[in-house]
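Here it is in structure tokens:
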């Protein structure tokens with residue numbers, strides 16, 4: 195008889211295996227492909243892909259396009275999402291849970307179905323095929339708005355009312371109370387929301403293809419093309435790595451990687 | 495001049511009520527605060543003290559009534575337009591600002607009038623913001639007042655509870671408010687810290703010379719710090735007075751029980767300035783009608799122990815507890831308990847005599863002597879009142895009557911009466927109500943909302959949920975507040991009288 199003792203350390207084995215197989219190994223593979231090239235069937239180490247990306251106008255303009263789409267979509271989501279989250283969280287509406295549900299519910303409906311429905315709708319109002327850029331933005335906003343509302347709602351809902359009362363007690367009018375207290379204290383939610391929207395809208399080419407009539411190319415699409423159409427895994431991997439670094443840098447810039455303190459914790463919890 | 499100013503009313507609350515979701519948090523409160531006074535709103539949680547404070551601050555708007563500041567109506571003015579600042583219960587310091595920015599928050603928003611003279615020699619006034627230097631100066635002063643010099647750059651989270659408390663006070667007083675509102679500001683501090691802060695707050699009040707309105711549930715805190723105490727319960731003011739007056743002359747049994755320790759005993763007036771309790775007659779200084787049932791309040795420190803033969807009362811010691819400065823001795827006098835505070839100790843089982851001076855016997859009207867309800871008779875000859883249905887003897891409505899087989903009442907004259915739906919007044923004595931854990935056993939159910947110990951028994955109030963009917967009764971058994979119980983009344987103890995209009 196073999197006695198099996200489970201210590202806590204052993205309990206992590208399945209997870210470690212999972213991480214190694216599905217996270218670490220693929221990452222290493224991408225890294226390997228990114229900095230190598232296949233010449234006459236033999237693989238050689240090279241920086242050519244890296245240099246190629248930053249010297250190719252086509253690739254750089256795709257990067258720029260991705261950035262503009264993502265920045266505009268995120269900004270619109272924030273402008274629409276903040277007031278909604280604020281009203282839902284701070285008002286004394288009796289049915290606010292139902293309302294919140296209505297805003298969140300699209301997330302539970304199949305993504306492809308939603309985007310195709312939107313495509314038909316845009317077709318009806320004659321935007322499809324004529325306003326590719328606008329359509330892509332509309333699609334991104336429609337798709338990612340709930341991801342902006344939820345973290346904002348969580349932060350605003352947890353915001354202690356006494357802070358707002360204190361600010362108004364000290365002489366702040368409604369605008370001052372909002373700009374000096376509510377907004378700064380809801381920043382963790384804002385950052386969380388921005389990260390949730392900005393990153394996917396840089397890469398989600400299903401939206402840009404379906405609604406932009408294949409005329410809008412963003413980074414996600416480029417990666418896909420290199421892996422499938424051009425069968426160039428090396429360039430595809432390099433673009434993936436560059437995207438990863440960009441996302442990492444955005445996180446760093448928005449402070450999303452900071453060890454979140456009590457206020458921020460709730461925003462990331464959802 | 496200074497004396498005269500002190501009598502000016504700075505805040506006047508006139509007939510103010512506040513209703514939240516159909517329950518009244520504050521009911522018809524009338525109160526004024528003198529300029530420069532330290533006034534405390536005191537009461538158990540849910541008594542309406544914080545709501546009253548919040549209405550003065552402007553966070554809540556009264557449902558009805560007026561609030562006057564220096565004679566001007568400010569009832570609907572938003573908080574930022576009131577010359578009032580608040581120290582919050584949990585401080586509410588802004589976590590995204592450091593101490594300097596927290597304290598300077600109000601100053602940065604403030605505009606002061608300045609008079610200029612232009613070229614033509616005309617004077618005109620303009621509002622301007624404070625300069626950086628002025629703000630720096632004031633913040634430094636405010637932090638000095640609360641003993642936190644040099645804390646400007648620290649962040650809120652690095653401060654202890656006591657320090658945060660001080661910052662909260664500095665943040666409020668820097669705006670030079672006419673009134674400083676303090677909502678249980680010491681509630682989160684430990685005992686030693688609290689005692690220190692009490693003294694400091696009192697000192698600050700003296701130095702600043704502004705009006706303090708203080709909210710607390712801690713009676714000792716209120717007695718230590720206040721010029722005036724307002725005792726509240728269930729949204730109503732029970733008593734307003736100086737700490738001495740509140741302590742020595744409580745207006746009712748609730749105040750006596752809430753402020754300090756007290757022996758509350760049931761007594762009967764036996765003549766002018768003479769009251770009987772614990773089966774003995776005592777001289778007293780209060781005058782009530784003869785034979786009136788009263789509550790007698792005696793403070794534990796006012797009971798003097800003597801040799802048994804010299805005492806007005808004699809009793810047997812049942813417990814002795816050392817409390818640091820004094821001993822707390824409990825003696826049984828017949829069936830009543832008497833708590834005594836004395837620097838001398840006694841042994842359990844000792845027989846002692848007790849002397850109480852007439853000055854120390856406080857007599858107050860008994861709040862409840864009988865429960866009275868409006869009710870009606872049902873088909874089954876039971877009576878419905880107080881959110882419940884009880885069996886009763888309906889024949890008492892008509893002397894000499896009896897019931898026939900079909901349930902009709904036959905009067906002494908032989909008249910046949912259907913009593914269904916007849917309105918009656920129901921009276922039940924306090925001693926005739928019993929309660930039970932079993933919800934099905936009694937006629938009505940409710941929660942115990944209050945209990946007051948009265949020497950040899952407890953006085954309970956059971957309140958029903960539906961219409962908030964109260965059943966007040968005395969019992970020797972101990973129940974807990976908030977217990978859900980059913981109310982039992984024996985049929986012979988329900989007194990019925992016909993209502994006039996139905997006769």
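Residue numbers (the working numbering), protein chains in the order written: chain A, 195 to 464; chain B, 495 to 997. Cβ coordinates follow ideal geometry from the N, Cα and C atoms, glycine included.
Where residue i meets chain A, residues with beta-carbon distance less than 8 Å
i	result
residue 573 (chain B)	359, 362 and 363
residue 603 (chain B)	364, 365, 366 and 370
residue 669 (chain B)	364 and 365
residue 580 (chain B)	359, 360 and 363
residue 600 (chain B)	364 and 365
Three-way DSSP call (helix, strand, coil) for residue i in this model
i	result
residue 694 (chain B)	helix
residue 705 (chain B)	strand
residue 757 (chain B)	strand
residue 203 (chain A)	helix
residue 952 (chain B)	strand
residue 606 (chain B)	strand
residue 832 (chain B)	strand
residue 859 (chain B)	strand
residue 408 (chain A)	coil
residue 733 (chain B)	strand
residue 456 (chain A)	At residue 456 (chain A), the pLDDT of 42 sits below 50, so the modelled position is not reliable; the number obtained from the coordinates is stated separately. Three-state result, residue 456 (chain A): helix.
residue 652 (chain B)	helix
residue 420 (chain A)	helix
residue 640 (chain B)	coil
residue 774 (chain B)	strand
residue 260 (chain A)	helix
residue 287 (chain A)	coil
residue 645 (chain B)	coil
Under 8 Å between C-beta atoms of residue i and residue j
i	j	result
residue 561 (chain B)	residue 527 (chain B)	no
residue 330 (chain A)	residue 410 (chain A)	yes
residue 710 (chain B)	residue 536 (chain B)	yes
residue 465 (chain A)	residue 334 (chain A)	Only positions 195 to 464 of chain A appear in the structure, and residue 465 (chain A) is not among them; the question remains open.
residue 582 (chain B)	residue 201 (chain A)	no
residue 336 (chain A)	residue 312 (chain A)	yes
residue 345 (chain A)	residue 393 (chain A)	no
residue 969 (chain B)	residue 955 (chain B)	no
residue 377 (chain A)	residue 665 (chain B)	no
residue 877 (chain B)	residue 990 (chain B)	yes
residue 843 (chain B)	residue 864 (chain B)	no
residue 369 (chain A)	residue 267 (chain A)	no
residue 272 (chain A)	residue 221 (chain A)	no
Classification of residue i by the beta-carbon crowding that lies within 10 angstroms, buried from 16 upward
i	result
residue 628 (chain B)	exposed
residue 558 (chain B)	exposed
residue 625 (chain B)	exposed
residue 886 (chain B)	buried
residue 545 (chain B)	buried
residue 210 (chain A)	exposed
residue 622 (chain B)	exposed
residue 498 (chain B)	Since pLDDT at residue 498 (chain B) reaches only 42, below the 50 mark, its modelled position is unreliable, and the value read off the structure follows with that caveat. Residue 498 (chain B) should be labelled exposed.
residue 1074 (chain B)	For residue 1074 (chain B) there is no data in the structure shown, the boundaries of chain B being 495 and 997.
residue 936 (chain B)	buried
residue 748 (chain B)	buried
residue 320 (chain A)	exposed
Within chain A, partners of residue i - CB distance below 7 Å
i	result
residue 514 (chain B)	By Cβ distance, chain A contributes nothing, its closest Cβ being about 11 Å from residue 514 (chain B), past 7 Å.
residue 551 (chain B)	363
Contacts of residue i in chain A (Cβ-Cβ under 9 Å)
i	result
residue 584 (chain B)	354 and 356
residue 626 (chain B)	Correct list: empty, because the minimum Cβ distance to chain A is about 17 Å.
residue 665 (chain B)	360 and 364
Contacts of residue i in chain B (Cβ-Cβ under 7 Å)
i	result
residue 378 (chain A)	590
residue 375 (chain A)	588
query = Taking three-plus beta-carbon pairs below 8 Å as touching, is the region 747 to 755 of chain B in contact with the region 770 to 788 of chain B?
reply = no
ask   = Using 8 Å as the threshold, is the region 796 to 813 of chain B in touch with the region 830 to 844 of chain B, meaning 3 or more CB pairs across them?
value = yes
message = For the region 838 to 850 of chain B against the region 909 to 917 of chain B, do three or more pairs of beta-carbon atoms, one drawn from each stretch, fall closer than 8 Å, so that the two count as touching?
response = no
ask   = Are the region 209 to 227 of chain A and the region 427 to 435 of chain A in contact at 8 Å, needing three or more beta carbon pairs?
value = yes
ask   = Are three or more beta carbon pairs between the region 300 to 310 of chain A and the region 357 to 375 of chain A nearer than 8 Å?
value = no
query = Any contact of the region 926 to 946 of chain B with the region 895 to 904 of chain B, i.e. 3+ C-beta pairs under 8 Å?
reply = no
query = Hey, is the region 584 to 596 of chain B in contact with the region 604 to 614 of chain B, meaning 3+ C-beta pairs nearer than 8 Å?
reply = no
message = So, does the region 379 to 389 of chain A touch the region 292 to 301 of chain A, judging by three or more C-beta pairs under 8 Å?
response = no
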